[in-house]
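Chains as they are written, first to last, in the working numbering: chain P, 700 to 921; chain F, 700 to 921.
Working notes for the structure below.
Protein chains: 2
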Amino acid sequence: MVSHDADKMASRERLLVAAAAEFAARGFAGAKVDRIAAKAGLNKAMIYYHFRNKAALYREILAGVFRSAANAVAAEVRPEAPVDDQVRQFVRAIAREAAGRPHFASMWLRELADGGTHIDPPVLEQMRRVLAGLSGIIARGIDTGDFRPVQPLVVQLTVVGPILMLAASAPTRDRLSRLDGAFASAGLDDLLPYIECGAIGALRGLTDTAVSHASLSGRSRT
Amino acid sequence: MVSHDADKMASRERLLVAAAAEFAARGFAGAKVDRIAAKAGLNKAMIYYHFRNKAALYREILAGVFRSAANAVAAEVRPEAPVDDQVRQFVRAIAREAAGRPHFASMWLRELADGGTHIDPPVLEQMRRVLAGLSGIIARGIDTGDFRPVQPLVVQLTVVGPILMLAASAPTRDRLSRLDGAFASAGLDDLLPYIECGAIGALRGLTDTAVSHASLSGRSRT
DNA sequence: GTCTATATTTTGATAGAC
DNA sequence: GTCTATCAAAATATAGAC
């Protein structure tokens, strides 16, 4: 975190910030190095002075996004707290990332849609840490007899999915709300209680709706 | 649905199929017209014979994706069924789209990340229909006294979000599962009961976790 | 309806002066 | 460290023959 080369860091950091905005808004292919440089108030050549190429710049940003998320989960979840609270802490950690880092949601969603093309070992390691944090919560909840066994990935999808969609859709909904008010009316404050309620309820098994899904079983892994 | 010009439709349809795959896998900017033409076994110029340009082709596919989803919801949800079942029918309609149309999830997620750049009135109308279907279910559930008032958009995010993430992440998880088994182990069969359980539980208000979220209230609409 | 050939722009990347 | 100038490749789109 401490800057070794204050001179170098200044422009490098500006490029990272500008690139994060550009990549999040337009994706890897849609992002243009000229635009990144302009947004950073620097020349295009500076990108290639600080980074090997466009892909390397993207990877560095992607790793930072997931590292920050993994750190947030690790810092916010208290293993000694009641398991219900741990779930809320996990949800809140993700929500805080989504709210505080405008690029977080878009970059995660894009990476999925792209088929994880840019996921290298450093990025993978951070994704692992996020999922591991949640796995620990569930394991402790099973230990205390509060939760039933559920695949951590399933819980992660149901928690992270809605948060990412809400955050990423904010610009779209703002634009669309002028045409149809139904799209506008939601913030994290509305969503989080609902997510927590659903997640904890499903983990405790309060509602048992695991009935016939025969009609879909043939296509479950497409 | 019936083809007027059998000759014309053949190549046009092949282009639409090829383009859907290309756009879903690489996004609008990442997709290349040369690749679309090659995948359709046609010449690049044929794209401009059948469509005004790349953007028009994309818009037509996007409208089809959402129209199909809206139709599925309208067809599958039975307003006279018990409200719990209606929720399951909605979930299943979305899940069937995600499972049966490989491009469905990626295109929706990308459109969000892109800030809805390509959403024109026809597309918007179909998005409206999906949300309206869910709004109706909730309204009927409130009428019968089974559900409490919740913003339809919030419910849609919690239902659709996880399904899209699961479907879109399938290729990524397949690739990553060789490195870490925790990413692989989930299909729609695992996810759907969990989503239904969570959604119905939250709609009925079985678990009340709507406690203090003061720490986030300041950043809820960022 | 379908293809070849080509015009035009855009874009990622580099060489080299300062 | 930063910029100017420029290259080479790629990509969208069109004109026109068949």
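Every residue gets a Cβ at the ideal spot worked out from N, C-alpha and C, and that includes glycine.
- The closest CA to that of residue 840 (chain F), considering only F:864, F:791, F:780 and F:861, is found on F:780.
- When 7 Å is used as the limit between beta carbons, residue 889 (chain P) is near these residues of chain F: 850 and 853, in chain order.
- In this chain, the alpha helix (DSSP H) harbouring residue 768 (chain P) covers 753-775.
- Residue 893 (chain F) has a beta carbon lying within less than 8 Å of a beta carbon in chain P.
- Membership of residue 873 (chain P) in the alpha helix (DSSP H) is indicated by the continuous run 851-875.
- Minimum Cα-Cα distance from residue 761 (chain F) among the listed residues F:846, F:740, F:713 and F:816 corresponds to F:816.
- The residue among P:744, P:882, P:836 and P:864 with its C-alpha nearest the C-alpha of residue 899 (chain P) is P:836.
- Contact between residue 808 (chain P) and residue 863 (chain P) holds, since their C-beta atoms are separated by about 6 Å, short of 8 Å.
- For residue 794 (chain P), the CB contacts under 7 Å within the same chain, skipping 5 residues up- and downstream, are 862, 887 and 891 in chain order.
- Listed in chain order, the positions of the segment 820-837 of chain F with a beta carbon within less than 9 Å of a beta carbon of chain P are 820, 823, 826, 827, 830, 831 and 834.
- In this structure the segment 817-837 of chain P does not touch the segment 840-856 of chain F; the number of beta carbon pairs closer than 8 Å is below three.
- Taking 8 Å as the CB threshold, residue 857 (chain F) lines the interface with chain P.
- Think of a sphere of 9 Å around the beta carbon of residue 846 (chain F): no beta carbon from chain P falls inside it, the nearest being about 12 Å out.
- Distances from the CA of residue 870 (chain P) to each of F:812, F:728 and F:749 were compared; the closest alpha carbon is that of F:812.
- Only buried fits residue 758 (chain F), as 16 or more other CB atoms lie within 10 angstroms of its CB.
- A Cβ of chain P is located within less than 8 Å of the beta carbon of residue 861 (chain F).
- For residue 731 (chain P), there is no enclosing alpha helix (DSSP H), as DSSP marks it with neither H nor E.
- Considering only F:726, F:776, F:711 and F:738, the residue with the shortest C-alpha distance to residue 751 (chain F) is F:711.
- Within the model, the alpha-carbon separation for residue 747 (chain P) versus residue 865 (chain F) is close to 36 Å.
- Closer than 8 Å to the CB of residue 841 (chain F) there is not a single CB belonging to chain P.
- Residue state for residue 820 (chain F) is assigned as helix, using DSSP reduced to three classes.
- DSSP places residue 888 (chain P) in the uninterrupted alpha helix (DSSP H) bounded by 887-903.
- By the Cβ neighbour-count rule, residue 842 (chain F) is exposed, with fewer than 16 other Cβ atoms within 10 Å of its own.
- Cα atoms of residue 832 (chain F) and residue 783 (chain F): separation of roughly 14 Å, rounded to the nearest angstrom.
- In this model, residue 721 (chain P) and residue 727 (chain F) are separated by some 15 Å (Cα to Cα).
- Distance from the Cα of residue 714 (chain P) is smallest, within the candidate group P:730, P:776 and P:740, for P:740.
- Taken through DSSP and simplified to helix, strand or coil, residue 832 (chain F) comes out as helix.
- For the pair residue 745 (chain P) and residue 756 (chain P), the Cα-to-Cα distance works out to about 12 Å.
- Counting of Cβ neighbours within 10 angstroms places residue 876 (chain F) among the exposed residues, the total staying below 16.
- Interface with chain F (8 Å Cβ-Cβ cutoff): residue 818 (chain P) is included.
- Here residue 798 (chain F) has 866 and 887 as same chain residues with Cβ atoms under 8 Å from its own Cβ, once five neighbours each way along the sequence are excluded.
- Contacts with chain P at 8 Å (Cβ-Cβ) include residue 879 (chain F).
- Of the other Cβ atoms in all chains shown, 16 or more fall within 10 Å of the Cβ of residue 805 (chain F); this residue is therefore buried.
- One thing to note: residue 789 (chain P) has its Cβ no nearer than 8 Å to the Cβ of residue 764 (chain P).
- Residue 904 (chain P) counts as exposed, since fewer than 16 other beta carbons sit within 10 angstroms of its beta carbon.
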